[in-house]
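A quick write-up on the structure given underneath.
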Amino acid sequence: MQNNKSLWQAYRSINPRTRVWIGVGGMIIATVGMGLSDYLEKKYPATEREREQAELLSPVTVVDRHPDSKNA
């Protein structure tokens, strides 16, 4: 016998209190992951070569605007 519920329907059929705890658990895991990431970045800093490679991959370009610009 196969259950044909979508993921959303299966989630909605769970007890509301359980859904809250699933959400809280996800937030706790995310918070711990961000803290662990910051800790590891401080403990093992990137080498100069890794920093240069990251800058080359960065799609962000900073453009200074001239104060005498006519489009301001």
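Count along the sequence shown from 1, then add 538; that gives the number in the numbering used here. Backbone N, C-alpha and C define an ideal beta-carbon position, used for all residues, glycine too.
Alpha carbon of residue i to alpha carbon of residue j, nearest angstrom
i: Leu594; j: Ile567; result: 31 Å
i: Asn542; j: Ser551; result: 13 Å
i: Tyr577; j: Trp546; result: 35 Å
i: Gly563; j: Ser575; result: 18 Å
As assigned by DSSP and simplified to three states, the class of residue i
i: Ser596; result: coil
i: Thr585; result: coil
i: Ile552; result: coil
Test item: CB-CB of residue i and residue j under 8 Å
i: Arg555; j: Tyr549; result: no
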